[in-house]
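In our numbering, the protein residues as written are 2 to 518. Ideal placement from N, C-alpha and C gives every residue a C-beta, glycine not left out.
Okay, structure coming up:
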């Protein structure tokens, strides 16, 4: 009897790696982007709001041409385009997290293409963390991370060879004109890669000559631009559109560029050892944790502390101001003035004056300070009190003293409102027409345009009508030392001016308190 042959037993196929382990680098990169998002959204929304109100992106040809004529103009244009969305903080946090994470993603892509092994992956977070740390200076424009992303993306276009370096030269001109001096990242990485490749292939002399030519050509391109760019010589070489101050370039702006290029080169030079993915991932987590901790310290600066209060005033979060621990533990003249304004608008200043830190009249009216944040706050105090002309002066001074010559959406809106209150409809129309070319303020501006010339509508408007009834009807000489008498006249003219009443009682209480001492 024939037996049925048995099938040969074959070994089971090897189990596929778990998806999470197989794509661990992509997972870590995504988690890093989420961490950066939470970093901004949970603790740094005031920095995002600051970026939004210090520019007024307009969808006009003139606005584009005004930006693009300066080297790096496209980076500035794109940065300001993105900054307008920071009006919605969560959206601003998304944009910033994508820009910072893109530096890490693209940096790793460049190094990986040029031979970096998985052992080097943890270092790919260093340039992104240095950028995050640099952004702790609120005057660093969004154009800088935009230009860094563009530079790293451009590195993918050129391989480390002498032919590629020669082909890069015309690209350097175009990139510099569009994105500015982050072209140094591209050139420095290519120079380092050429030298390393020359050593490996024993063609060092040839590659070194090409590297020197590429570096010299880049310097020449930037130098030629100094003849038609109206900026200081040193500022042009360090980068124009990346920082608010025209006469200051923070050292970290340059350090971020060369650190990025050097780290990419180091990643390609590290030995391609076989290292457990979990160990590399743990090293990356430690690097990110240290970098974000250092960044958090950088963001906790005195100027960012004042920006936080200014953003709360801008967004009218009065209750949040009164609940902040910093109001008590880290008081300054500006934080005290913000707190007093919040109390006055809540009708609680007279009763709760000494429940919060006070600094005498200077805490009520910060006349001795002339920075933009103080000017904005003074404008808010006087506007809510009915002194619209004084508010206009402070808003206008703040607008015209912007270091980057930008117009500001926040201040443009306030100036338009004041012109409507004063019945100067022609001037108001000019302001509103500019706001109508923006994204976030377009609908509001068009609504206000319908009110112009309609006295009944303006008088019955809850905001314009109230301030019209509060403003002084007679001329007076404004002097900071006579604020008590000015406020008293405001209150005597209109006893319903509860903000003036609150400040008047506060001044009296401070005088009485000082006499007791």
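Inset, instruction - For residue 115, count neighbouring C-beta atoms within 10 Å of its own C-beta (all shown protein chains included) and say buried if the count is 16 or more, exposed if not. - result: On the chain shown, position 114 is the one that residue 115 refers to. Label assigned to residue 115: buried.
Inset, instruction - Write down the C-beta distance between residue 106 and residue 162 rounded to the nearest angstrom, noting that I regard them as a contact closer than 8 Å. - result: Walking along the chain shown from the start, residue 106 turns up at place 105. Walking along the chain shown from the start, residue 162 turns up at place 161. So it is not a contact: roughly 24 Å between Cβ atoms.
Inset, instruction - Tell me where the alpha helix (DSSP H) around residue 26 begins and ends. - result: For this step, residue 26 is matched to residue 25 along the chain shown. From DSSP, the alpha helix (DSSP H) with residue 26 extends over 25-44.
Legend entry - Cβ pair residue 141, residue 306 closer than 8 Å: Along the chain shown, read from residue 1 onward, the residue named residue 141 stands at position 140. Along the chain shown, read from residue 1 onward, the residue named residue 306 stands at position 305. Taking 8 Å as the Cβ cut-off, residue 141 and residue 306 do not qualify as a contacting pair.
Legend entry - 4-residue-minimum alpha helix (DSSP H) runs that sit fully inside the stretch 250-297, ordered along the chain: For the stretch 250-297, whole alpha helix (DSSP H) runs of length 4 or above, ordered along the chain, are 252-270.
Legend entry - Residues near residue 402 by beta carbon distance below 7 Å, same chain, minus five either side: Within the chain shown, residue 402 is the residue found at index 401, counting from 1. So the list reads 373, once near-sequence residues are dropped.
Inset, instruction - Name the one or two DSSP bridge partners that residue 244 has. - result: Locating residue 244 in the chain shown gives position 243, counting from the first residue. For residue 244, DSSP records a beta bridge to 141.
Inset, instruction - State whether the stretch 373-387 contacts the stretch 437-457, with contact taken as three or more CB pairs (one from each stretch) at a distance under 8 Å. - result: no
Legend entry - For residue 203, the three-state DSSP class (helix, strand or coil): On the chain shown, position 202 is the one that residue 203 refers to. Coil at residue 203, not helix or strand.
Legend entry - Own chain partners of residue 165 with C-beta closer than 7 Å, once the 5 adjacent residues on each side are dropped: Working through the chain shown from its first residue, we reach residue 165 at position 164. Cβ within range, chain order: 159.
Inset, instruction - Could you check the C-alpha separation between residue 46 and residue 108 for me, to the nearest Å? - result: As a working note, residue 46 is residue 45 in the chain shown. As a working note, residue 108 is residue 107 in the chain shown. Roughly 27 Å separates the two Cα atoms.
Legend entry - CA-to-CA distance, residue 179 to residue 1, given in whole angstroms: Since the first and last residues shown for the chain are 2 and 518, residue 1 lies out of range.
Legend entry - Helix, strand or coil at residue 73 [DSSP, three-state]: Stepping through the chain shown from its first residue, residue 73 is reached at position 72. Correct three-state label for residue 73: coil.
Legend entry - Endpoints, alpha helix (DSSP H) assigned at residue 347: Locating residue 347 in the chain shown gives position 346, counting from the first residue. In the DSSP annotation of this structure, residue 347 is not part of any alpha helix (DSSP H), being labelled neither H nor E.
Inset, instruction - Only counting runs of 4 or more residues, tell me where the alpha helix (DSSP H) segments fall wholly within the stretch 77-124, in order along the chain. - result: 90-114
Legend entry - Alpha carbon of residue 210 to alpha carbon of residue 183, nearest angstrom: Working through the chain shown from its first residue, we reach residue 210 at position 209. Working through the chain shown from its first residue, we reach residue 183 at position 182. Near 23 Å, if we compare the C-alpha coordinates of residue 183 and residue 210.
Inset, instruction - Give me the Cα-Cα distance between residue 399 and residue 275, rounded to the nearest whole angstrom. - result: For the purposes of this step, residue 399 is identified with residue 398 of the chain shown, where counting begins at 1. For the purposes of this step, residue 275 is identified with residue 274 of the chain shown, where counting begins at 1. Their Cα atoms are separated by approximately 58 Å.
Inset, instruction - Under 7 Å Cβ to Cβ from residue 311, same chain only, skipping five residues before and after it: list those, please. - result: Residue 311 sits at position 310 when you count from the first residue of the chain shown. Contacts found: 374, 377 and 378.
Legend entry - Reduced DSSP category for residue 321 - H, G, I as helix; E, B as strand; rest coil: Taking the first residue of the chain shown as position 1, residue 321 is located at position 320. Helix, per DSSP.
Inset, instruction - Starting from the C-beta of residue 128, find all residues in its chain whose C-beta is less than 6 Å away, skip the five residues before and the five after it, and write them out in chain order. - result: Taking the chain shown and counting its residues from 1, one reaches residue 128 at position 127. These residues qualify, in order along the chain: 104, 108, 261 and 264.
Inset, instruction - Please name the residue in 90, 24 and 83 whose C-alpha comes closest to that of residue 48. - result: As a position in the chain shown, residue 48 is number 47, starting the count at 1. The shortest Cα separation from residue 48 among 90, 24 and 83 belongs to 90.
Inset, instruction - State the DSSP-derived secondary structure class of residue 156, mapped to helix, strand or coil. - result: Within the chain shown, the letter at position 155 stands for residue 156. Reduced to three states, the DSSP call for residue 156 is helix.
Legend entry - Counted within 10 angstroms of its Cβ, other Cβ atoms place residue 427 as buried (16 or more) or exposed: Residue mapping note: residue 427 aligns to position 426 of the chain shown, counting from 1. Residue 427 comes out exposed.
Inset, instruction - Please state if the CB of residue 111 and the CB of residue 560 are separated by a distance shorter than 8 Å. - result: Nothing can be reported for residue 560: it is not among the residues displayed for the chain, which extend from 2 to 518.
Legend entry - Reference residue 421; option with closest CA among 389, 347 and 494: Here the question's residue 421 lines up with position 420 in the chain shown. Looking at the Cα atoms, 389 is the closest of the given residues.
Legend entry - Rounded C-alpha distance that separates residue 205 from residue 188: As a first step, residue 205 must be located in the chain shown, where it is residue number 204. As a first step, residue 188 must be located in the chain shown, where it is residue number 187. Using only the alpha carbons, I get a separation of about 17 Å.
Inset, instruction - Decide if residue 231 is buried, meaning its Cβ has at least 16 other Cβ atoms within 10 Å, or exposed. - result: As a first step, residue 231 must be located in the chain shown, where it is residue number 230. Its Cβ having fewer than 16 others within 10 Å, residue 231 is exposed.
Inset, instruction - Count the CB pairs spanning the stretch 405-419 and the stretch 51-64 that are closer than 8 Å, and state whether there are at least three. - result: yes
Legend entry - residue 286 versus residue 120 - alpha carbon distance: Within the chain shown, numbered from 1, the residue matching residue 286 stands at position 285. Within the chain shown, numbered from 1, the residue matching residue 120 stands at position 119. Answer to the nearest angstrom: the Cα atoms are 14 Å apart.
Inset, instruction - Compare the beta carbon distance of residue 414 and residue 442 with 8 Å and say whether it is the shorter of the two. - result: The residue labelled residue 414 in the question sits at position 413 within the chain shown. The residue labelled residue 442 in the question sits at position 441 within the chain shown. Yes; because the gap between Cβ atoms is below 8 Å, this pair is in contact.
Inset, instruction - Below 8 Å CB to CB, which residues in the same chain sit around residue 21 once its five sequence neighbours on both sides are set aside? - result: Residue mapping note: residue 21 aligns to position 20 of the chain shown, counting from 1. A caution first: residue 21 carries a pLDDT of 49, below 50, which makes its placement in the model unreliable, though a value can still be read off. Result list for residue 21: 28, in chain order.
Inset, instruction - For residue 354, I'd like the list of residues in its chain whose CB is within less than 6 Å of its CB, leaving aside the five on either flank, ordered along the chain. - result: On the chain shown, residue 354 is found 353 positions in, with the first residue counted as 1. Excluding positions up to five away in sequence, the list reads 507 and 510.
Inset, instruction - State buried or exposed for residue 217, treating a residue as buried only when at least 16 other CB atoms are found within 10 Å of its CB. - result: The residue you call residue 217 lines up with position 216 of the chain shown. By the 10 Å Cβ count, residue 217 comes out exposed.
Legend entry - residue 338 versus residue 137 - alpha carbon distance: Position 337 of the chain shown holds residue 338. Position 136 of the chain shown holds residue 137. Answer to the nearest angstrom: the Cα atoms are 25 Å apart.
Legend entry - Any 3 or more C-beta pairs closer than 8 Å across the stretch 234-242 and the stretch 250-257: yes
Legend entry - Cα-Cα separation, residue 113 to residue 146: Here residue 113 refers to the residue found at position 112 of the chain shown. Here residue 146 refers to the residue found at position 145 of the chain shown. Roughly 22 Å separates the two Cα atoms.
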